[in-house]
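Numbering (my numbering), first residue to last: 721 to 894.
Note that CB positions come from ideal geometry on N, CA and C, so glycine has one too.
Quantities reported herein were computed from a predicted structural model and do not represent experimental measurements.
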């Protein structure tokens with residue numbers, strides 16, 4: 721039996737496509753790959769078409785759409801930023817993800833999208849090794865990884881120092 725890796729991309733085509741590329745790399749190394757998908761709460765023909773294309777062009781990869789969580793509850797009606805909504809939706813998907821992972825015969829690792837950080841709790845509960853896929857530029861990752869230390873040292877007040885990030889060379893304005 722092949723070792724199985726489950727990939728869990730965030731919402732949207734921009735996160736699915738790079739994760740399918742990661743799946744192809746795992747396949748080349750003899751691993752079985754399953755992609756657990758979160759269906760957007762708003763019907764998206766782009767997403768449905770991308771999933772159909774991914775399935776058709778990668779028959780060795782199993783795709784599973786997780787059941788949708790309960791409808792969004794925002795009792796006070798306060799507007800929320802779309803990124804906050806995405807992270808809250810992905811956090812609400814922990815229970816369906818956990819149930820799906822438990823239903824598989826053997827999972828050897830879980831690869832999470834950068835927005836699926838709450839799913840790390842599921843991996844810890846199931847004692848699965850977890851890895852992250854960052855579907856963006858390496859410079860973006862360098863910035864994100866340095867932000868906590870910048871805020872902790874309170875350099876955010878000094879713009880020049882705040883923008884000093886190892887491995888990033890900023891071009892000076894003309």
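DSSP three-state label for residue 826, please. Indexing the chain shown from 1 puts residue 826 at position 106. It is coil, neither helix nor strand.
Looking at the structure shown, is residue 855 part of a helix, part of a strand, or coil, going by DSSP? As a working note, residue 855 is residue 135 in the chain shown. Three-state DSSP puts residue 855 in coil, outside helix and strand.
Anticipated Cβ contact below 8 angstroms, residue 820 with residue 859, distance rounded: What you label residue 820 is simply residue 100 of the chain shown in a count that begins at 1. What you label residue 859 is simply residue 139 of the chain shown in a count that begins at 1. The Cβ separation is near 34 angstroms, so there is no contact.
Helix, strand or coil for residue 749? Go by DSSP, reduced to three states. As a working mapping, residue 749 is identified with position 29 in the chain shown. Residue 749 falls in the coil class under three-state DSSP.
At least three beta-carbon pairs within less than 8 angstroms, the stretch 811–826 to the stretch 733–749: no
Can the beta-carbon of residue 758 be found less than 8 angstroms from the beta-carbon of residue 725? Taking the first residue of the chain shown as position 1, residue 758 is located at position 38. Taking the first residue of the chain shown as position 1, residue 725 is located at position 5. No, the Cβ-Cβ distance between residue 758 and residue 725 is not below 8 angstroms.
Please classify residue 784: does DSSP put it in a helix, a strand, or coil? Residue numbering aside, residue 784 sits at position 64 when the chain shown is read from its first letter. DSSP places residue 784 in strand when its eight states are reduced to three.
Apart from the five residues just before and just after residue 861, which ones in its own chain have a Cβ nearer than 8 angstroms to its Cβ? Start at 1 with the first residue of the chain shown, and residue 861 comes out as number 141. Excluding sequence neighbours, residue 861 sits near 854.
Measure from the alpha carbon of residue 804 to the alpha carbon of each residue in 835, 825, 826, then state which is nearest. The residue you call residue 804 lines up with position 84 of the chain shown. It is 835 whose Cα lies nearest to the Cα of residue 804.
Extent of the continuous beta strand (DSSP E) run through residue 726: The residue you call residue 726 lines up with position 6 of the chain shown. Element bounds for residue 726: 724–728.
Taking DSSP's pairing of strands, which residues face residue 754 in a bridge? Within the chain shown, the letter at position 34 stands for residue 754. According to DSSP, residue 754 bridges with 726, 782.
Would you tell me roughly how many angstroms separate the C-alpha atoms of residue 773 and residue 847, rounded to the nearest one? The residue given as residue 773 occupies position 53 in the chain shown. The residue given as residue 847 occupies position 127 in the chain shown. Taking the straight line from one Cα to the other gives about 33 angstroms.
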